[in-house]
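Structure, as structure tokens:
2 protein chains.
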Amino acid sequence: MCSSPSADLTAQAKIRNAAIAHFARDGFQKTNLRAIAATAGVSAALVIRHFGSKDNLRSVCDEHVLRILVRRARTAADLVGVRDLSQEYLSDAEEYRLHVQYMVRAIEEDSSAATTFVNTLVEETEQLFRDGIAGGSMRQSSDVRALAVLTVLVSLAMLTIAPPLTRALGFERMGPDVLRRIGLPMLEIYTHGLYADDTMLKAAQAAWEAQRGDDL
Amino acid sequence: MCSSPSADLTAQAKIRNAAIAHFARDGFQKTNLRAIAATAGVSAALVIRHFGSKDNLRSVCDEHVLRILVRRARTAADLVGVRDLSQEYLSDAEEYRLHVQYMVRAIEEDSSAATTFVNTLVEETEQLFRDGIAGGSMRQSSDVRALAVLTVLVSLAMLTIAPPLTRALGFERMGPDVLRRIGLPMLEIYTHGLYADDTMLKAAQAAWEAQRGDDL
DNA sequence: CACGGTGATGAACACACGTTTACTATAGTA
DNA sequence: TACTATAGTAAACGTGTGTTCATCACCGTG
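From first to last, the protein sequence lines are chains A and B. At position 93 of the first sequence the residue is numbered 93 (full-length UniProt numbering), and the sequence of numbers has no breaks. At position 14 of the second sequence the residue is numbered 14 (full-length UniProt numbering), and the sequence of numbers has no breaks.
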């Protein structure tokens, strides 16, 4: 694929890829142009020359990653939630992980690309759920849209577990092993649930009803 | 409580509270000392005078928030995952939300306080699960530790849903309404599961087994 | 009153970093 | 060859920001 370290790409592409890597790993703020230029093997001035400004470079990276991920999301929409994302993740580790990481950073910073990406995921997931419910492979839900948002949220959270969480699992760094370890319980919950009965659910429903009464 | 805007606290406390608010809202990098000083109603130099450096100010804030949250986590450990955290969240909105937000930022930046906080939560949750399983209120699990990490992860993710996700739900900003809307599906999943049968689980187990074979 | 010690300040310093500028080199082309 | 466009660079500039410095303004105490 195009994951070759620094092939004979155009300088623009090399800079863009370096920027994506840095933004994904360290965030937009912490990354400085000179670092991007260094990994791209060019001068800092050239970055500006080609992209105008750091902000515009971010926009270009946003669009680039967004296009790749959305295409992938659409083609891979034959399985649900954890399964599709984590399978993708496990299959093409490096590049995919980078792009997902990038997009999560974008979500944290609330860029417009993030909105598009999230909306696509949610839309795709919701449709998947409606089909699954109609087809009988999934349980009925009181709020399919909220369910879709929730599963997207959980999937994204799982794919980018923060270091403290991974260490709590006994791993040093995030990786396929971590995902396998934590994906199984997720699927168990998705198939069997977590509680033995519905007392928690009933209690929460009651509490929230009562509180809604208080509020208004 | 101590949530009075700018009572006759000592200057140190005012600065610390202002710093916590800014760090939680904008992150450590983006907030500058002069902004903190402004909301605290003092000069930037005084911040340094009292705390030595911005980094040390962060450490003090870390410990402060950590102490409060850990105490709260221990006393509130009578319910599980979503329930306890979100109930807490809904009951004492402002301050608690601020502290949770702060800690999530700390987790993102992998500070030592975040590690302590996460470990406490996971430990507490795991014990809760073991008790629940023994007592019959919760289902058996193949990996209780991973389950604990997962539920902590999900709870934290839910409490800090990013703007794009909340907008996908039709809300403008995160708040109690969002939490109620997304908490119910979470509890439904926790009690009934998501899938109608265990084909997904079986398939994933098989796929991961096969892939493990490939890897080694 | 004098006088240290403490809380507080504005101005200046130092550095990091995004950006600009002046300049070089290479290559296609009339 | 001369000209223009393109790709590239090093060095300088300007700004934001963490930090230091010299200096007040108190205030309790001898």
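A virtual CB, placed ideally from N, CA and C, is assigned to each residue, including glycine.
Taking 9 Å as the threshold (C-beta atoms), are B/Leu-187 and A/Met-158 in contact?
no
If you run the structure through DSSP and keep just helix, strand and coil, what is B/Ala-204?
helix
Give, in chain order, every residue of the segment 116-127 of chain B whose Cβ lies closer than 7 Å to some Cβ of chain A.
Val-118, Asn-119 and Val-122
With DSSP run on the structure shown, which of helix, strand or coil describes A/Met-138?
strand
Relative to the C-alpha of residue 240 of chain B, which candidate in A/Trp-208, A/Asp-197 and A/Ser-111 has its C-alpha closest?
Outside the shown range of chain B, which is 1 to 216, sits residue 240 of chain B, and nothing can be said about it.
Taking 9 Å as the threshold (beta carbon to beta carbon), is B/Ser-141 in contact with chain A?
yes
For A/Ala-162, would you say it is in contact with chain B, using Cβ-to-Cβ distances shorter than 9 Å as the test?
yes
Tell me the rounded alpha-carbon separation between B/Asp-26 and B/Glu-63.
19 Å
Do B/Ala-73 and B/Thr-120 have their beta-carbon atoms positioned less than 9 Å apart in this structure?
yes
Using a Cβ cut-off of 9 Å, which residues of the segment 144-156 of chain A contact any Cβ in chain B, in chain order?
Val-144, Arg-145, Ala-146, Leu-147, Ala-148, Val-149, Leu-150, Thr-151, Val-152, Leu-153, Val-154 and Leu-156
Going by other Cβ atoms of all chains shown within 10 Å of its Cβ, with 16 needed for buried, is A/Glu-108 buried or exposed?
buried
Measure the CB-CB distance between B/Arg-105 and B/Phe-51 and report whether it falls below 9 Å.
no
Suppose the cutoff is 8 Å on Cβ atoms and the five residues either side in sequence are ignored; what does the same chain contact list for A/Val-144 look like?
Glu-126, Phe-129, Arg-130 and Ile-133
Given that a residue counts as buried once 16 or more other Cβ atoms are within 10 Å of its Cβ, and exposed if not, what is B/Gln-140?
exposed
Would you verify that the beta carbon of A/Arg-180 is, or is not, closer than 9 Å to some beta carbon of chain B?
yes
What is the rounded straight-line gap between the Cα of A/Ala-114 and the Cα of B/Ile-36?
29 Å
List the residues of chain B whose Cβ lies closer than 7 Å to the Cβ of residue 220 of chain A, in chain order.
Residue 220 of chain A lies beyond the stretch modelled for chain A, which goes from 1 to 216, so this question has no answer here.
Exposed or buried, A/Lys-14, counting other C-beta atoms within 10 Å across all chains shown (16 or more means buried)?
buried
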